[in-house]
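In UniProt numbering, the protein residues as written are 1 to 203.
All C-beta atoms in this analysis are idealised placements derived from N, C-alpha and C, irrespective of residue type, glycine included.
None of the values given here were measured: they were computed from a predicted structure.
Below: one structure, written as C-alpha cells.
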C-alpha cells in the first residue's frame, strides 16, 4: 500500500499578484517560504521518497519542507511530468481574465452543466494562441504516467510537490466523476492512498 502526500507549492509572487502561472515560474514570497516551514514543523511523516515538478517554485517548496522536517538527506526527484498545465497565451494573466475567458467556453462544451476537467483543458487549448498548451488527452496521459511511475518506485510514504491544476486533476481521479473543482491553498496537502489499482483520497 502506497500513500502519496500531494502538496501544492508555497505562495509565489505571481500568486500574491493574482496572476495565473503554468509553466512560467515565479519565486516564493517571504510569506510563502515561512508558511512552508511552518507546515514542515508540524508534519510528522517519515517520508522515504520525494518528488517535485521541475518548476523552481515546487523544488524550493520541497527543499524547505524536507529541511524543516530534518529530512534534507532525501533526494528530490524532479520530473517535468509533474508540471502545472501549460497556460500558453494566458500565462501570467490575471485570474479574473483567465476565468472570464475559459468559463463560458467550458460551459458551452458541457452543455451548460458543471464543466469537467476535459472541458476546461480543451477550452484552454482552443483559445491559446501560442501552441504551447496540451490537449486533455496529453494532460491525462502525462498525469497517469507519472503517478504510475511514482507508485511503482518501491517507496511507501511519498512526498510529491506539484501545482494547483495538476493536483485538482489527480483529485478528480479519486472520484467517480470528473467534474472540475479548482481552488486550493498554497502549501495544502492531500493524502492519496493507492490500493487495489485505484486512487483514494483520505479525508
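Between the alpha carbons of residue 35 and residue 116 lies a gap of roughly 31 Å.
If you check the CB distance, residue 54 and residue 31 do not come in under 8 Å. DSSP places residue 92 outside both helix and strand once states are collapsed to three, so it counts as coil. In the structure shown, residue 161 adopts extended strand secondary structure according to DSSP, grouped into three states. Taking a 10 Å sphere around the C-beta of residue 38, we find fewer than 16 other C-beta atoms and assign the residue as exposed. Of all C-beta pairs linking the region 129-136 to the region 72-91, three or more are shorter than 8 Å, placing the two stretches in contact. Here residue 95 has 18, 19 and 20 as same chain residues with Cβ atoms under 8 Å from its own Cβ, once five neighbours each way along the sequence are excluded. A residue is called buried when at least 16 other Cβ atoms come within 10 angstroms of its Cβ; residue 120 meets this threshold and is buried. In this structure, residue 189 keeps its C-beta atom at 8 Å or more from the C-beta atom of residue 201.
With a cutoff of 8 Å on beta-carbon distance, residue 147 and residue 170 are scored as near each other.
Within its own chain, the residues whose Cβ lies closer than 7 Å to the Cβ of residue 106, once the five positions on either side in sequence are excluded, are 115, 119, 120 and 123, listed in chain order. Residue 101 and residue 173 have their C-alpha atoms some 25 Å from each other.
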